[in-house]
Structure formats: structure tokens, C-alpha cells
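There are 2 protein chains.
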Amino acid sequence: MNKEEEIRAAALKLFVEFGFHGTPTSKIAKEAGVANGTLFHYFKTKEDLIVALYNHTKDSLNRHLLETYNAENTLKDKMKNIYVSSLEWGLAHKPEFYFIQQFHFSPHLAKVSSEDIEKQTRLHVELLRAGISENIFKPLPAQLISSILGGHVYGVYQYLISTQLTPEKKAEMIEDTFGLLWAMLTK
Amino acid sequence: MNKEEEIRAAALKLFVEFGFHGTPTSKIAKEAGVANGTLFHYFKTKEDLIVALYNHTKDSLNRHLLETYNAENTLKDKMKNIYVSSLEWGLAHKPEFYFIQQFHFSPHLAKVSSEDIEKQTRLHVELLRAGISENIFKPLPAQLISSILGGHVYGVYQYLISTQLTPEKKAEMIEDTFGLLWAMLTK
DNA sequence: TTATAGATTGACTGATCACTCTATAAAATT
DNA sequence: AATTTTATAGAGTGATCAGTCAATCTATAA
């Protein structure tokens, strides 16, 4: 890891544990093993660091989702892959997943550029559009389908991290809950 | 409003807009129209204020849910009432609803006593238990049902606040989405 | 009327924090 | 080899903030 990565990793760890307020930049630098000034060489301000960390984390998630994407698949399988990959990534990267949610309910969210937002929702939006034009979903507003999907992932995730199931049982739960979701949203 | 309430109202408003970090106690006192010291007369520390505000807000929501509770109703209607009341309260109290979520993804959550947590989930837990013992739900873990329910409310709420629908259309959406949820969870 | 307790004030303080600045080393470019 | 650019360090600074404190006011009880 180079120093920039060290700083990001340290910031993530401390933000999740102590919140944005509770973690001074000095502690981040210390945890990262760099000098105070080095942090500000890579990130102009603390807020810059927070927003950059968010975009970087979202990029990681999106890269993981794209890995399982297969244009040959049916729409249902494409959605299932995204659903499964999202939850798997969340389980394998709990601090990162928590950080994303923490960020969403912070004033820093307003600092994310609209291009970055677009980039991070493109995949979902495309899939939903396809499903609607193929007349697969129940007659509901696209935004509502998207929100319900997000809420479902959120709810199932909360459950999965609150229980100690074997990875196999977790995979099974993810399969089953996708079945519930799909049945709820499609005709 | 007495001074304690003024302080809570000011804190809520500022926390939602600027985050816990971004709002100094001095600004809260000013917004509330009281002296600095008065804030610390009612709340020993800033953290105390944050946690007290959370418990107070949750109490408001719970009181509202209990208003529509009717022991005579069927289980389905009891759940529907809670679902509808939750969303209606959220729409009528956006800052309060946002604050609850913001708090959930903050380190302050750990400071809520287990009694307070129990108090605030009792109603839901009771209903779920009843549904399970009456064999109404699909064979899923109780915790999972609860999490999916929470996720569904969360998702539908995000949709409702992101669109400008008439109150009638919103009520209709709430009805419809309860139907989806109920069909998904029951046999 | 007096005594006591609680409410309210706002100036003050010690600590902390984000960020700067200067110096130096390393790397890249000419 | 000379020069410019980038990386790194860490002491230093001005501002800010949570919380204190002594003084005053208010209300109730004795």
C-alpha cells in the first residue's frame, strides 16, 4: 500500500468506529503511519478526504458488481447477480458498507458531484429500464421499484450481519430473499 | 415551549442540516434563544443531548403508533396500521425521521440503553411473535421478517419523499406497497 | 419575610483541531 | 549534471469548541 491508500484505509477504519467528528486528521495520519502534513498533501481538506473515500469505496463496489455482470444472461439472472454480489460484497467488506450508509446520512452527501452519482447508479438504472420496457415488472413507478429493491437489500443485509450463520446458510438466505423480492416485483 | 424543548427543537434542526460535528453547542443555544450555560443545565454533555433527543424522538413515533393500535383488529390490520402510521409519521416529520436514521449510523447509537431499545421495539416484536405463532408467515426466521419489514418501510419512504405526489396518491402508494409486503411475507 | 433550591446567564478556559509553513529528500525532467 | 517537481516530515498557529463557574434572578416553601 502506498501512503495515499494507507490514509484511506486508516480514515475508513476510524470514521466507522468514531464517526467523522470523532476522528481528528492527526489520528488518521498516525494510524496511517504518515506525518500530519502528508495527509494534506493528498487531500486538500478533511472534507475532500471524506468525499474521496466515499467515491473510492463506491467504485470498489461497482467494480465488484461488474465482475459478475454477463450480457448473455436473462434479465432475472442479471438482477440476481447484482443482488447477490451486493450482499456478498457487503458481508466481505462490513466497514466499507457501513461507511457508505453513514455517509448517506451526513451533510457530506451534498458534496458528491452529479456525475459521480450518475456513474454509481448507471448499472441499476439500465437494468430497471430494460425490465420495464420488457414489461416484466408490475405496473409500478420505476423509482419505486428501485427504492424497494434498495430497501430489501438493506433489510436483508441488516439481518445477515446480526446472525452467525454459516456462509452456506447465508448464501441460501440470499437466494431465498431474492426469490421473495422477484415474486413481489414481477407479474 | 419551555427552554428544554426549545433546545431539543434547535438541536434537531441543526443536526439534520449540519450533522453532529457541524453544529457547535453554542449555535444550538443561540438558535434556541438561551444562554450557553442553560444548555448544559439541561443536558450534562453534548452527547447526552444527542442521545436524549434520539430517545425523545423515538418516543414520539411510538406514541403515534400506539394511537392507531386497536386490540380488536386482525393481525393483518394491526400490522397495516403500524406500517401506514410509520410512513405517515415519517412524511409529517421529515427532520425527525432523518435524524433517527442519521443517529443509527453514528457511534452514538452504542450509548442507547438496552431498556430504551427494548421499549422501542416491543410493539413490533409482539406483533411478529403473534404472527408466527398463528402460523401466518412463511417459514422464515423472525429476525429476517422484522428486517425485511424495516427495509421495506425504509425503501418506500425514500421513494415517497423523492416524488411530489398528492397526499391521496401517497396514501394509495402506502396501501399498495403494504399489499406487496404482506403478500411477500405471508403464506 | 426569609430561606432554599432551581433556573439562567455569559464571560472565560484549557484543550483540541484543521490546516499552514518551512525544510529536506527523492524522483522525474531537461 | 542541473533543474524542476513531487513527496514527506513535523513543529507551529489561529480559531473553535465543549464545558465551567460565579453571579444573578425566580419561585416556592417554611
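Chains as they are written, first to last, in this note's numbering: chain X, 136 to 322; chain Y, 136 to 322.
Ideal placement from N, C-alpha and C gives every residue a C-beta, glycine not left out.
All of these numbers come straight from a predicted model, not from anything done at the bench.
CA nearest to the CA of residue i, picked from the options
i                : options                                   : result
Ile271 (chain Y) : Y:Ile252, Y:Lys165, Y:Lys211 and Y:Leu201 : Y:Lys211
Leu262 (chain X) : X:Ile252, X:Glu250, X:Ala277 and X:Ser248 : X:Ala277
Arg257 (chain X) : X:Arg198, X:Tyr289 and X:Leu244           : X:Arg198
Pro230 (chain X) : X:Phe313, X:Lys148, X:Ile142 and X:Glu139 : X:Lys148
Lys170 (chain X) : X:Thr158, X:Lys138, X:His156 and X:Gly154 : The sequence given here has Ala at residue 170 (chain X), not Lys. Of X:Thr158, X:Lys138, X:His156 and X:Gly154, the residue nearest in Cα terms is X:Lys138.
Glu303 (chain Y) : Y:Glu223, Y:Ala245 and Y:Leu196           : Y:Glu223
Leu184 (chain X) : X:Ile296, X:Gly168, X:Thr209 and X:Lys246 : X:Lys246
Val260 (chain X) : X:Ala167, X:Arg143 and X:Ser282           : X:Ser282
Tyr292 (chain X) : Y:Val291, Y:Leu284, Y:Pro274 and Y:Lys213 : Y:Leu284
Ala265 (chain Y) : Y:Lys213, Y:Met136, Y:Ala144 and Y:His228 : Y:Lys213
Thr298 (chain Y) : Y:Met136, Y:Lys179, Y:Leu226 and Y:Leu244 : Y:Leu226
Phe178 (chain Y) : Y:Tyr204, Y:Arg143 and Y:Gly157           : Y:Arg143
Asp311 (chain Y) : X:Thr158, X:Leu275, X:Met308 and X:Thr203 : X:Leu275
Thr209 (chain Y) : Y:His228, Y:Gly157 and Y:Glu269           : Y:Glu269
Lys322 (chain X) : X:Thr301, X:Ile309 and X:Ile267           : X:Ile267
Chain Y residues whose Cβ lies nearer than 8 Å to that of residue i
i                : result
Glu152 (chain X) : Pro242
Pair within 7 Å by beta-carbon distance, residue i and residue j
i                : j                : result
Ala187 (chain Y) : Ile163 (chain Y) : no
Val151 (chain X) : Phe234 (chain X) : yes
Leu201 (chain Y) : Ser220 (chain Y) : no
Pro242 (chain Y) : Phe153 (chain X) : yes
Lys305 (chain Y) : Leu315 (chain Y) : no
Gly286 (chain Y) : His287 (chain X) : yes
Tyr289 (chain X) : Tyr218 (chain Y) : no
Phe232 (chain Y) : Phe240 (chain X) : no
Closer than 7 Å at the beta carbon, the chain X residues around residue i
i                : result
Thr298 (chain Y) : Gln278
Own chain residues within Cβ distance below 8 Å of residue i, not counting five before or after
i                : result
Lys120 (chain X) : Nothing about residue 120 (chain X) can be read from this structure; chain X reaches only from 136 to 322.
His176 (chain Y) : none
Glu207 (chain Y) : none
Asn205 (chain X) : Asp212, Lys213 and Asn216
Met136 (chain X) : Ala144
Leu244 (chain X) : Phe238
Leu300 (chain X) : Met308
Beta-carbon contacts of residue i that lie in its chain and below 7 Å, excluding the five residues immediately before and after
i                : result
Ile280 (chain X) : Leu263, Phe272 and Leu320
Leu196 (chain X) : Trp224
Lys181 (chain Y) : Thr160
Thr173 (chain X) : Lys138 and Ala164
Glu141 (chain Y) : Ala167, Gly168 and Val169
Gln323 (chain X) : In the structure as shown, chain X starts at 136 and stops at 322, and residue 323 (chain X) therefore has no counterpart that could be examined.
Lys158 (chain Y) : The question names Lys, yet the displayed sequence has Thr at residue 158 (chain Y). So the list reads Leu149 and Phe150, once near-sequence residues are dropped.
Contacts that residue i makes with chain Y (C-beta to C-beta distance below 9 Å)
i                : result
Ala245 (chain X) : In chain order: nothing, as chain Y lies at least about 10 Å away.
Ala318 (chain X) : Ala318 and Met319
Where residue i meets chain X, residues with beta-carbon distance less than 8 Å
i                : result
Ile283 (chain Y) : His287, Gly290, Val291, Tyr294, Thr312 and Leu315
Gln236 (chain Y) : Phe240
Residue i: contacting residues in chain X (beta-carbon distance under 9 Å)
i                : result
His156 (chain Y) : Gly154, Phe155, His156, Gly157, Ser241 and Pro242
Neighbourhood of residue i by C-beta, 6 Å cutoff - its chain only, sequence neighbours within 5 removed
i                : result
Thr203 (chain X) : Asn216 and Ser220
Ile309 (chain Y) : Val219 and Leu222
Can at least three beta-carbon pairs, one atom from the segment 242-257 of chain Y and one from the segment 189-204 of chain Y, be found at a separation below 8 Å?
yes
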